[in-house]
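**Q**
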Amino acid sequence: MLFFFSCRAPGAAIAGVEGTGRPEAFCWGSGVNYSTRADGWNVVFETSYEGDAQIDVKSHSYATYFASAQNLSTSGIPQALRATAANNVIHCFSAGNMRGNVEGRGAPTDAGWMRYSRFREVILVAATNANGTYADFSSFGSSVFISAPGETVRTTDRMGADGYDSSGNYASFNGTSAATPIVAGVTALGKQICPDMDVRWAKHALAWSSGHGAAPNIDSGSSYFSWENGPTGTWQQNNGGYWFNNNYGFGLVDSEAFVDTVRDILYTTTERTYAAKGVSKTLAETTEGTMRTAEFSVGAAAFDQSVESVSVRVNFSQAAMNALDLRTLKITLVAPDGKESVLAQGAVGDVSRTPAEANYLTDNTFLSNAFWGATYGEGENWTVRVEYEAAAGTASDGWVSVGGVEWTTGGFVFEGEGRTVAADETVSAHAVAQDSGGFSVAGTMKLEDSVLVNDGKFELAETGTLVYENKNLSGDKGLKYTQNGGEAVLRGKADFARGITLNGGSLAIRGCPGTISAGTGIVVNGGTLTIDGSRFEEGTTLTLDGGNVKIENVSLVVAFVEIVLGDAYLAEAALSSDGEAALAEGTSVVLSGNLDALLGGAPAALSSGDAAALDIAARVAAERTFLVFGGNLKHDGVSVSLSAELERELETAGIAWTLAPDGATLSFLVVPEPSAFGLFAGTFALALAASRRRRKA
Numbered sequence: 001m002l003f004f005f006s007c008r009a010p011g012a013a014i015a016g017v018e019g020t021g022r023p024e025a026f027c028w029g030s031g032v033n034y035s036t037r038a039d040g041w042n043v044v045f046e047t048s049y050e051g052d053a054q055i056d057v058k059s060h061s062y063a064t065y066f067a068s069a070q071n072l073s074t075s076g077i078p079q080a081l082r083a084t085a086a087n088n089v090i091h092c093f094s095a096g097n098m099r100g101n102v103e104g105r106g107a108p109t110d111a112g113w114m115r116y117s118r119f120r121e122v123i124l125v126a127a128t129n130a131n132g133t134y135a136d137f138s139s140f141g142s143s144v145f146i147s148a149p150g151e152t153v154r155t156t157d158r159m160g161a162d163g164y165d166s167s168g169n170y171a172s173f174n175g176t177s178a179a180t181p182i183v184a185g186v187t188a189l190g191k192q193i194c195p196d197m198d199v200r201w202a203k204h205a206l207a208w209s210s211g212h213g214a215a216p217n218i219d220s221g222s223s224y225f226s227w228e229n230g231p232t233g234t235w236q237q238n239n240g241g242y243w244f245n246n247n248y249g250f251g252l253v254d255s256e257a258f259v260d261t262v263r264d265i266l267y268t269t270t271e272r273t274y275a276a277k278g279v280s281k282t283l284a285e286t287t288e289g290t291m292r293t294a295e296f297s298v299g300a301a302a303f304d305q306s307v308e309s310v311s312v313r314v315n316f317s318q319a320a321m322n323a324l325d326l327r328t329l330k331i332t333l334v335a336p337d338g339k340e341s342v343l344a345q346g347a348v349g350d351v352s353r354t355p356a357e358a359n360y361l362t363d364n365t366f367l368s369n370a371f372w373g374a375t376y377g378e379g380e381n382w383t384v385r386v387e388y389e390a391a392a393g394t395a396s397d398g399w400v401s402v403g404g405v406e407w408t409t410g411g412f413v414f415e416g417e418g419r420t421v422a423a424d425e426t427v428s429a430h431a432v433a434q435d436s437g438g439f440s441v442a443g444t445m446k447l448e449d450s451v452l453v454n455d456g457k458f459e460l461a462e463t464g465t466l467v468y469e470n471k472n473l474s475g476d477k478g479l480k481y482t483q484n485g486g487e488a489v490l491r492g493k494a495d496f497a498r499g500i501t502l503n504g505g506s507l508a509i510r511g512c513p514g515t516i517s518a519g520t521g522i523v524v525n526g527g528t529l530t531i532d533g534s535r536f537e538e539g540t541t542l543t544l545d546g547g548n549v550k551i552e553n554v555s556l557v558v559a560f561v562e563i564v565l566g567d568a569y570l571a572e573a574a575l576s577s578d579g580e581a582a583l584a585e586g587t588s589v590v591l592s593g594n595l596d597a598l599l600g601g602a603p604a605a606l607s608s609g610d611a612a613a614l615d616i617a618a619r620v621a622a623e624r625t626f627l628v629f630g631g632n633l634k635h636d637g638v639s640v641s642l643s644a645e646l647e648r649e650l651e652t653a654g655i656a657w658t659l660a661p662d663g664a665t666l667s668f669l670v671v672p673e674p675s676a677f678g679l680f681a682g683t684f685a686l687a688l689a690a691s692r693r694r695r696k697a
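As numbered in UniProt numbering, residues 1 to 697 make up the sequence shown, in order.
(1) What is the rounded straight-line gap between the Cα of residue 110 and the Cα of residue 139?
(2) Would you decide whether residue 147 is buried or exposed? Buried here means 16 or more other CB atoms lie within 10 Å of its CB.
(3) Going along the chain, which residues of its own chain have a beta-carbon closer than 7 Å to the beta-carbon of residue 186, five neighbours each way excluded?
(4) Would residue 303 and residue 267 qualify as a contact pair, given that the criterion is a beta-carbon distance under 8 Å?
(5) Tell me residue 292's beta-bridge partners as DSSP assigns them.
(6) Can the beta-carbon of residue 89 be found closer than 8 Å to that of residue 127?
(7) What did DSSP end up calling residue 494 once you bin it into helix, strand or coil?
(8) Determine the contact status of residue 483 and residue 460, defining contact as a CB-CB distance below 8 Å.
(9) Here's a check: name, in chain order, each residue in its chain whose Cβ is nearer than 7 Å to the Cβ of residue 437, leaving out the five neighbours to either side.
(10) Taking C-beta to C-beta, are residue 233 and residue 217 nearer than 8 Å?
(11) Kindly list the residues whose CB is nearer than 6 Å to the CB of residue 277, restricted to its own chain and excluding five residues on each side of it in sequence; keep chain order.
(12) Going along the chain, which residues of its own chain have a beta-carbon closer than 6 Å to the beta-carbon of residue 481, five neighbours each way excluded?
(13) Kindly list the residues whose CB is nearer than 8 Å to the CB of residue 202, restricted to its own chain and excluding five residues on each side of it in sequence; keep chain order.
(14) Bridge partners for residue 445 per DSSP, in chain order?
(15) Could you tell me the boundaries of the beta strand (DSSP E) in which residue 311 lies?
(16) Could you tell me whether the Cβ atoms of residue 430 and residue 270 are closer together than 8 Å?
(17) Under three-state DSSP, which class holds residue 190?
(18) Please determine, among 492, 390 and 311, the residue with the shortest C-alpha to C-alpha distance to residue 382.
(19) DSSP puts residue 477 in a beta bridge; with which residues?
(20) State yes or no: is the C-beta of residue 388 within less than 8 Å of the C-beta of residue 292?
(21) Select from 442, 447 and 470 the residue whose C-alpha is nearest the C-alpha of residue 463.
(22) I'd like the ranges of any alpha helix (DSSP H) spanning at least 4 consecutive residues and lying wholly in the segment 73-137.
(23) At what residues does the beta strand (DSSP E) containing residue 203 begin and finish?
(24) Among residues of its own chain, excluding the 5 on either side of residue 264, which ones have a beta-carbon nearer than 7 Å to its beta-carbon?
(25) Taking Cβ to Cβ, would you say residue 326 is nearer than 8 Å to residue 142?
(26) Relative to the C-alpha of residue 426, which residue among 435, 412 and 466 is closest?
(27) Return the CA-CA distance between residue 205 and residue 150, expressed in angstroms with no decimal places.
(28) Give the C-beta separation of residue 758 and residue 336 to the nearest angstrom, bearing in mind that I take them to be a contact with Cβ-Cβ under 8 Å.
(29) Taking only three categories from DSSP, how would you classify residue 414?
(30) Closest by CA to residue 279, which one among 215, 384 and 145?
(31) Hey, quick one: how far does the alpha helix (DSSP H) through residue 506 stretch, first residue to last?
(32) To the nearest angstrom, how far is the alpha carbon of residue 182 from that of residue 504?
(33) Three-state secondary structure (DSSP) at residue 458?
(34) Quick one: what's got a C-beta closer than 6 Å to residue 375's C-beta in the same chain, skipping five residues either side?
(35) Look at the alpha carbon of residue 715 and the alpha carbon of residue 458, and state the distance between them as a whole number of angstroms.
(36) Exposed or buried, which one is residue 121 when buried takes at least 16 other CB atoms within 10 Å?
Okay, here's the thing in structure tokens:
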């Protein structure tokens, strides 16, 4: 589900753009005005994260808000963003419309000063015009991640005086508020391919599809707005091959390439963070018209993954802020290879702003995406450079400090043939989403969410282990397994607390007694499920609502499994006058096994409640169970068969058995030779029961 959050007239416009981005989306909006602000805020930053998120993508568009890092830390906003992002909610934020002389302010505003731009959990969106270059209102900055059209965007409009055009229900509007829902809609397309895609997965796909290649996907020869503090952005390619520009982020969003990239990513590695301690310096004396520079070495960092984002916290004393010409302030992060990222370029307002109005500038955290995908070695130093000029007189009474630098690192692995996690290897990842190729887990894989197989071949080898681990999410959400196609075999160890769902393809759970946990149960909606020698926890439910199931080594499997046939197996055409319903034609449950294994099984009781079901009951003598099914029996299109191997073993062992059909119940008696198996005998029945259902009007 898509969610948008804006004020009244823009809200209708945003919903129109957002819904067009993902045609099948359900959009939910919350208004912002004096009477609904509080309720809307609670919905936007909802921190409930138990189970699957109910809102997939959120599009945020606000007026320009500014706040210091200290004020934000006590607002609850960072905690809410992190909690929901950890549960796969993707937040898309507008970068703001503060380029140029806006609201009477004399200087353009870098998006880095805005309160939401500093969070790595958001996708910050800038706007382009009809010519494909940045819109003349769109804010710029190192925190911008991607761009989308935001000028003269045609969309839905509120009827009457509350809309942009009171005479109709369509209108055109401008702003990063128009660009952001386009990105949200495109991101939602990716969610259809990979439902458990989180914001980092989406960012990797956006950066790769728009910013990785021989040249930027927006004309690098375009002119850029420039003022006394230099150009607002130029294209630069980092050592990971990604192009970045403060005006555009990684470039123009490309929906087709983005969806293809989401599909091609097998998994993203778990995010890791590294930090460097802060450094403080006294500002050198300067006068109006004379620039000074303060440089901070922020230490060495050794990363075992490529860089994603870099956050830099900068503090100014009030005395320094009073003396500086805010329009000249420029903060730059320099990487070990000399690549630069302008973190902040000027500040809101001109020199006439009072100290109180400029107070939010004293403590800020700036975020840069410019080094996304780049790699750096051990012992390489980073530098923060602060350039400034005094507004009048000198600035020698103040100080500035870099309160700390934090790098987040991570990466992704594309699909392909022969992808593996070796037996001696441990890999931490968000989730696995396979659409092609082959992937085998023979070692340990720590996952934050799920395994999804849409196509290709997936294997959890005998030595392989899947472990749930999500350090960013409070509570134990647990793993889930979903398969829509392809071939998969589970032989190792995994605890799927949120269950196993088979919608298509073939899934075999083989030879893993006690090592595969199905949590909330196994649901088969399509495809073929084979269970061979795998014992599940007592009370595990196998729900058949489509497809076929083959259970081998029955006594090892069914002792603790309850089989339920869902409504999809009820043949409506077979309803009789008394409300009886037969099971649907084509339903098949095949039971087979090794004779020795069958003799050692525990009692089995499989029932369905009041749904049409397959009931298997075993009568036990001398506390031993003997489960045998035979004869290619059929009843109303439902077949239960005995494997040829087991039938031969019974014959060789001299076991006599008979079949006695009596209406809806097919039963037979098994009488083993005492000399062959000792003192026990078993009698059991296979009951094909049809539930009582009222005829539909």
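Where is the CB? At the ideal position from N, CA and C, for every residue including glycine.
**A** With the given structure in hand:
(1) 6 Å
(2) buried
(3) 21, 253, 255 and 258
(4) no
(5) 388
(6) no
(7) strand
(8) no
(9) 415, 416, 417, 419 and 456
(10) no
(11) none
(12) 451, 496 and 500
(13) 90, 123, 187, 190 and 262
(14) 427 and 466
(15) 307-316
(16) yes
(17) helix
(18) 311
(19) Answer is none; residue 477 lacks a bridge partner.
(20) yes
(21) 442
(22) 77-85
(23) Careful: residue 203 lies outside any beta strand (DSSP E), inside the alpha helix (DSSP H) at 199-211.
(24) 414 and 415
(25) no
(26) 466
(27) 21 Å
(28) Residue 758 is absent from the model: the chain starts at 1 and stops at 697.
(29) strand
(30) 384
(31) Note, residue 506: premise wrong, no alpha helix (DSSP H); beta strand (DSSP E) at 506-510.
(32) 32 Å
(33) strand
(34) 306
(35) For residue 715 there is no data in the structure shown, the boundaries of the chain being 1 and 697.
(36) buried
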